[in-house]
Amino acid sequence: MSGDHIHPEPTSFLSKYVFSHDHKVIAKQFMWFGLIWLGIGGIMAMMIRWQLANPGMPVPAIGEFLFPRTNGVLDPATYNTLFTMHGTIMIFLGLTPLMIGAFGNWCIPLMIGARDMIFPLLNMLSFWTVFVGGCVGFYSLFVPMGANEAGWTSYATLSTTVGAQGLGETLWAVAVFLIGASSIMGGINYMTTIIRLRAPGMTWGKLPLTVWALFLTSVLNVLFIPVIGSAMILLFLDRAVGTSFFTPASLMQGGGGGDPILYQHLFWIFGHPEVYILILPAWGFVCDLLSFFARKPAFGYRASVGAMTAVTVLSAVVYGHHMFTTGLSPMLGESFMLLTMIISVPAEILFFNWLHTLWKGNLRLEVPMLWAIGVIFVFGLGGLTGIYLATIGTDIFLHDTYFVVGHFHLTMAASALFGTFGALTFWFPKMFGRRMNQTLGKIHFWGTIVPLTFVFCLMFAMGYAGMPRRYFDHTSAEWLADLQHMNKMATHAAFLLGAVQLVFVYNFIKSRFWGPVAEENPWEVGTLDWSMPTPVPYYNFKEIPTVHTGPHEFSHPALGEDRDWIPMTEKLPT
Amino acid sequence: MRAAVLNLPREDAATKVNATLGMVFFIGSWAMAFGAIFLSFLVLRQRVGVWPPEGIALPSFPMAAVATAVLLASSALLHLAVKREESDQPGIQPLWIAGLGLGVGFAALQGWLWMDLMGAGRLPTSGLYESLFYGLTWIHAVHVVIGLLSLVWASVGLKTGRYGSHRLSTVSNIAIFWHFVDVVWIVLFLGFFVF
């Protein structure tokens, strides 16, 4: 049960690669799983963009194959399904497994000096639960009447039997429940591991910031995923049994009559912490990567930890800003507005610390560093536009427009995605013992950040001009006709963005199998994960190391001329 | 109690702490899940108007009160069993089996409450009160079933001596879960029958 023994290495294929208890194998399982879903969600995004630019035209290349009934043209129901499943897949099956599943599993034991997660069996169950959840979600795409059409938020009554009769919505609720259960298992494991299995000398003040961020994310996972789990159970009962938790009396035949707004409360009590669940790991990666590649200590380590903790706490009490237009009491609305404004203060502190870490650093602009700087850029843009959505007066105008779409794609989607790419390119040499191609990596970075910024900034403009979310065909509205050229521009940029991802796929797969063999510590950093041989042995550490210095002791004057870093296991020379 | 734990080899004392800590986080998580359910209960209860509804058959208060007492007694027996295990006293099995038996008794009474209400024509689809009563007790009942299965599993393990050094943490974690199921039922009982 405990991770501090040396277990005998499994020998059969099943116990080694499929039902493995080894956190490193589970990390890679989560990684491939997340990458595949990222691809599926990305293709859905491309189809959504196609429809927005060319409504009524058959989707090129894949349309005939996917939608033979309509000769490749998207009908409204399919369009609804696409944006719903795009959101669900990207959040629950793409980014969560990649950042928390893969890098949580990879980083935590290696960075804190443990032989494995504290509950290896639970860890394995966590992966196979999300796998089953993913299968249920995938199957829901093929049931009669199609998958969920109610948006990733699935507000009642769109999601109850009033709005969705098919099996797809029910399966969606089941899938989200299973994926959530997986996250809770992971969260419990991560928290207990970090509390109990830190190596001697690895105090809370010496933890790499990645581990801090993953710890705080786990806290949010453990506390708030259960809330959506409960909402999914109640929704399931409404759909499968005919109870009336979320269906108002006016829409019920017979007795009953529940509250659809209750669903929104439950959803957002979970939903707002969820955006921090996704962004905190990215922040952690950025905090560490900036220090590693600027060859400087992370500026304000304690302030960064404090800021991330403050964000974690505050994230629980801001959810009402998603509901300003539901007839929320004005006093409650103003409280949520104030709290939302306050949460930007710790975010600013982190920002300040990042910029100060870069300041006068000896910058090594390697690919992971580019992604880390990219996070600062896209999160900055997204964060600034969040102010308009936190303010009730402007939010009532901007609510459910493309302004919101642009905002959350920059903050939560792009920042989390960039953080993921940073982590993937950074830990790749240790995970696979090979190096990725730097030139292709840089092409991928610039080819991503430029069109991505372009697409989502256009969305701010379109949303400000009044273009609503989730419309099937904007051109049918006369007052939106003038925006069509912007939609076309955004679609072209999005296609470029999508095409550039193929560079990453090529680079990743080619480097995985045929890349040049990497040194054991190619980035010259001192954290415990890089002190290990490649490939990392089954039990990680033969001797549990003793930690003497912090994770970011770069360019310390005591280190002398020949190297600017020191392993955490060594004492600084005096 | 502490001394007995510390008498074990050091790894085992640490394993006990690990297991308990993991269980505490799990219970914290599940408390949030039920917190969301109770929040829904409080919000929707306002919609029922007159609480409890008048003029229709309601679940039987005396039977629910008996069920509550049975579940509390079951929890108490498991608590005593874990106390014995912690202080290395023999005789945990009779207490454990008795606790399990009372747990089964609670499940039977819960089933009776449902049958009784359904017999009176009140179905889950009849109205919001019924939605709440059936929905919430179903969700609770799933946990009762999981709890009972773990209790059975542990009593087999206790008999065969399967657990070795993990015996204490297994037994105490299952008891913690059962106490949690107990607390959730008490909140439901207070919500539906008392206030």
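Chains A and B, in that order, give the protein sequences.
Plus 447 on top of the position in the first sequence (first one is 1) and you've got my numbering.
Plus 1391 on top of the position in the second sequence (first one is 1) and you've got my numbering.
We put the beta carbon where it would ideally sit given N, CA and C, even for glycine.
- If you check each beta-carbon in the segment 1414-1432 of chain B against every beta-carbon of chain A, the ones closer than 7 Å belong to F1416, F1417, G1419, S1420, W1421, M1423, A1424, A1427, I1428, S1431.
- A:A549 and A:L521 have their C-alpha atoms roughly 34 Å apart.
- Exposed is the label assigned to A:I509, since fewer than 16 other Cβ atoms lie within 10 Å of its Cβ.
- Looking at the backbone, the Cα of A:F824 and that of A:C904 are separated by about 13 Å.
- At a cut-off of 8 Å between C-beta atoms, A:L663 does not count as an interface residue with respect to chain B.
- In this structure, the CA atom of A:F868 is about 16 Å from the CA atom of A:G488.
- The distance from the Cβ of A:F717 to that of B:G1526 is about 19 Å, inconsistent with a contact at the 8 Å cut-off.
- Under the Cβ distance rule, B:P1443 does not count among the residues neighbouring chain A, no pair being separated by less than 8 Å.
- Following the DSSP letters along the chain, one finds A:W1012 in no alpha helix (DSSP H), marked with neither H nor E.
- Selection A:A603, A:D920, A:S459 evaluated against A:L682 yields A:A603 as nearest (Cα-Cα).
- Nearest C-alpha to B:S1478 among B:S1522, B:L1508, B:S1563: B:S1563.
- Shown in chain order are the members of the segment 1505-1521 of chain B whose Cβ falls below 8 Å from a Cβ of chain A: P1515, T1516, S1517, G1518, L1519, E1521.
- Across the set A:N552, A:P457, A:F539, the C-alpha of A:N552 shows the shortest separation from the C-alpha of A:H470.
- Three or more Cβ pairs drawn from the segment 670-681 of chain A and the segment 623-630 of chain A lie within less than 8 Å of each other, which places the two stretches in contact.
- In this structure, DSSP gives A:A729 a helical state, which the three-state scheme calls helix.
- Shown here is that no member of the segment 531-557 of chain A has a Cβ falling below 9 Å from a Cβ of chain B.
- Listed along chain A is no residue with a C-beta nearer than 9 Å to that of B:R1558; the closest approach is about 12 Å.
- Shortest Cα-Cα distance from A:Y985 to any of A:W484, A:P567, A:T531 involves A:P567.
- Within the segment 642-673 of chain A, the residues whose Cβ lies closer than 8 Å to any Cβ of chain B are, in chain order, I642, R643, V669, L670, F671, I672, P673.
- Beta-bridge analysis with DSSP links A:T993 to no other residue.
- Rounded to the nearest whole angstrom, the CA to CA distance from A:Q948 to A:H891 is 7 Å.
- Runs of beta strand (DSSP E) with 3 or more residues, each lying fully within the segment 939-1002 of chain A, are absent.
- Between the beta-carbon of A:H712 and that of A:S762 there is about 16 Å, and that puts the pair past the 8 Å contact cut.
- A:D563 has a beta carbon lying at 8 Å or more from every beta carbon in chain B.
- If only uninterrupted alpha helix (DSSP H) runs of at least 4 residues are considered, those enclosed by the segment 1455-1527 of chain B are 1483-1510.
- A:R686 carries a helical assignment under DSSP once its states are collapsed to helix, strand and coil.
- By the criterion of at least three beta-carbon pairs nearer than 8 Å, the segment 1557-1571 of chain B is not in contact with the segment 1500-1515 of chain B.
- For the pair of segments examined, the segment 871-885 of chain A was found to touch the segment 946-961 of chain A: the number of CB pairs separated by less than 8 Å reaches three.
- The Cβ-Cβ distance between A:N595 and A:M493 does not fall below 8 Å.
- Taking a 10 Å sphere around the C-beta of A:Q476, we find 16 or more other C-beta atoms and assign the residue as buried.
- Residues of chain A whose Cβ lies closer than 8 Å to the Cβ of B:L1435 are, in chain order, F692, G705, D706, L709.
- For A:S751, the closest of A:F798, A:G808, A:G503, A:Y766 by C-alpha to C-alpha distance is A:F798.
- Annotation: the continuous alpha helix (DSSP H) that includes A:Q476 extends over 470-500.
- Collapsing the DSSP output to three states places A:A1005 in a helix.
- Segment contact: the segment 608-618 of chain A against the segment 645-654 of chain A, fewer than three CB-CB distances shorter than 8 Å; contact not assigned.
- A:N636 and A:V972 have their C-alpha atoms spaced approximately 27 Å apart.
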